[in-house]
Each structure stands twice: as structure tokens, then as C-alpha cells.
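*Asks:* Position 147 of the sequence shown, counted from 1, bears residue number 555 in the numbering used here, the numbering being contiguous throughout.
Using N, Cα and C, we set each Cβ at its ideal position, and we do this for glycine too.
For clarity, every value in this text was computed on a predicted model and none was experimentally measured.
Can you read through this structure? Questions will come right after.
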Amino acid sequence: MIEIPSDLHPDLVPLAFLLGNWAGAGVSDFPGAEKCNFGQEVTFSHDGRDFLEYVSHSWVLDAEGNKVKPLETESGYWRIDKDRKVEVVMVRDQGVIEIWYGELAHQKPQIDLVTDAVARTAASGPYNGGKRLYGYVNSDLMWVGEKATPDVELRPYMSAHLKKVVTPEEVEAMAKSLGDLPDDGIAFFK
Numbered sequence: 409m410i411e412i413p414s415d416l417h418p419d420l421v422p423l424a425f426l427l428g429n430w431a432g433a434g435v436s437d438f439p440g441a442e443k444c445n446f447g448q449e450v451t452f453s454h455d456g457r458d459f460l461e462y463v464s465h466s467w468v469l470d471a472e473g474n475k476v477k478p479l480e481t482e483s484g485y486w487r488i489d490k491d492r493k494v495e496v497v498m499v500r501d502q503g504v505i506e507i508w509y510g511e512l513a514h515q516k517p518q519i520d521l522v523t524d525a526v527a528r529t530a531a532s533g534p535y536n537g538g539k540r541l542y543g544y545v546n547s548d549l550m551w552v553g554e555k556a557t558p559d560v561e562l563r564p565y566m567s568a569h570l571k572k573v574v575t576p577e578e579v580e581a582m583a584k585s586l587g588d589l590p591d592d593g594i595a596f597f598k
């Protein structure tokens, strides 16, 4: 279920499905880099202004699913206009700053993004741009990223399947909102 916070800026209602803390795993595979499974934590939050704040941390996982080392960190800001056009400004720990533009699909929670501008520091690796697809599927957040470099044409390089993280505070709030349950608990489901 998608909840819309009462203090969410009205322009952001179409992006409400992104809000919250997400965690999961995925696969990274790109020529010149080691193929790996990775874990990821993503947060989309808001403070009442007309943007969502985005933070993502990912790390390499070993065969048993344990964290091995950091993989990538991103942060940025997401906006949407009245025509469902999405704009994202993103900074990556590898020394890359990107501006992405895209669109929220009609009548489904899916966003297609393409880089419009890329700036790189001297320390960053080669990177020309990319595409991303985010989708809200059966209450989960899934995404796939494509990238291009001077030597590699645009191709998928990362994808992940993330589940909503529920904090103890959220569980308590949900329990309080249920009201009084029947003593036997079974009648609640009839």
C-alpha cells in the first residue's frame, strides 16, 4: 500500500511510491569491472519542499551474502512537474555528477530516466552517460541501470530488487492504527 504523507509537497504525490527506506540485493556486471552480487540500502525522504532527497549505499556481497566492501554511494534530489516529467540531480562517490531527465509512466509507478549531462572529476573512471528504469512492483522497488563509456556501448550494468524496510516505530504506529482486535484474533479475518 502506498501512503501519502500529509506534509508531502503536492507536486510530489505521483512519486509517493518511492518514499521510505528500501533494502535488498542485486547484480553488478560491466566489462572491466569484477562481476558481483551486491547489497543495497536506499532512502527516499522529503521535508515538505518540492523534491525528494535520495541516498543509496551499496556494497559487494560474498557467496554467503556477507558485506565485503563498499561498492557505490549516490545522493541526489528528485523532482516531477505537472506533465509527469522527472528530473534528478545525482552525485556519486566516484567523482561523477549527473543530471537525469525522464518520465513517470501513465497510470503505473514506473520511471524511465536518461542522463542529460555528466561532469566527472579527474579521479573518476570513464563514463559517458546512462539510463535507469525504476518500478514499483508488488510493493517492492526494482531498478535496472545501463551505462556507456568511451569503450563500451550503452548496456545494463546493475539491477536490484528492494523491499520496504519497516522500523520498530512504524510497526508500533501500524499496531495503534488497527484499533481493538477481537480477543481470539480469528474473528478479525472473517
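What is the DSSP secondary structure of D419, reduced to helix, strand or coil?
*Replies:* Walking along the sequence shown from the start, residue 419 turns up at place 11. In this structure, D419 counts as helix in the three-state DSSP scheme.
*Asks:* Within 10 angstroms of its Cβ, does Q515 collect 16 or more other Cβ (buried), or is it exposed?
*Replies:* Indexing the sequence shown from 1 puts residue 515 at position 107. Answer is exposed; the Cβ neighbour count stays below 16.
*Asks:* What residue does the beta strand (DSSP E) around F425 start on, and which one ends it?
*Replies:* To locate residue 425, count along the sequence shown from 1; it is residue 17. Per DSSP, F425 belongs to no beta strand (DSSP E) and is neither H nor E.
*Asks:* Is the Cβ-Cβ distance between R492 and P422 less than 8 Å?
*Replies:* One-based indexing of the sequence shown puts residue 492 at position 84. One-based indexing of the sequence shown puts residue 422 at position 14. In this structure, P422 lies closer than 8 Å to R492 by Cβ.
*Asks:* By Cβ distance below 6 Å, which residues in the same chain neighbour E480 in space, the five residues on each side in sequence not counted?
*Replies:* As a working note, residue 480 is residue 72 in the sequence shown. Counting only Cβ-Cβ distances below 6 Å, and skipping sequence neighbours, we find S466.
*Asks:* Once you ignore the five residues that flank W508 on each side, which residues in its own chain have a CB closer than 6 Å to its CB?
*Replies:* Taking the first residue of the sequence shown as position 1, residue 508 is located at position 100. Around W508: V496, L521, T523.
*Asks:* Between which two residues does the beta strand (DSSP E) carrying Q389 extend?
*Replies:* This structure gives no information on residue 389, because the portion of the chain shown stretches from 409 to 598.
*Asks:* To which residues of the same chain is S547 closer than 7 Å at the C-beta, ignoring the five residues directly before and after it?
*Replies:* Here residue 547 corresponds to residue number 139 of the sequence shown, with the count starting at 1. These residues qualify, in order along the chain: K572.
*Asks:* Just to check my reading of the structure: L570 and V450 have Cβ atoms closer than 8 Å, yes? What is that Cβ distance to the nearest angstrom?
*Replies:* On the sequence shown, position 162 is the one that residue 570 refers to. On the sequence shown, position 42 is the one that residue 450 refers to. Yes, they are in contact, since the Cβ atoms of L570 and V450 sit about 6 Å apart, within 8 Å.
*Asks:* Check whether the Cβ atoms of S483 and V463 sit closer than 8 Å, and answer yes or no.
*Replies:* Against the sequence shown, residue 483 aligns to sequence position 75. Against the sequence shown, residue 463 aligns to sequence position 55. For S483 and V463, yes; Cβs fall inside 8 Å.
*Asks:* Counting only the same chain and skipping the five closest in sequence on each side, list residues whose C-beta sits under 6 Å from that of A441.
*Replies:* Your numbering for residue 441 matches position 33 in the sequence shown. Same-chain partners within the cutoff: there are none.
*Asks:* Look up V561 in the DSSP assignment and say whether it is helix, strand or coil.
*Replies:* As a working note, residue 561 is residue 153 in the sequence shown. Residue identity differs from the one stated: residue 561 is Glu in this sequence, not Val. Note: E561 maps to coil in three-state DSSP.
*Asks:* Which residues does DSSP list as the beta-bridge partners of P478?
*Replies:* Residue numbering aside, residue 478 sits at position 70 when the sequence shown is read from its first letter. Bridge partners of P478: W467.
*Asks:* Would you say the segment 545 to 564 touches the segment 470 to 478, given that touching needs at least three Cβ pairs under 8 Å?
*Replies:* Touching, no.
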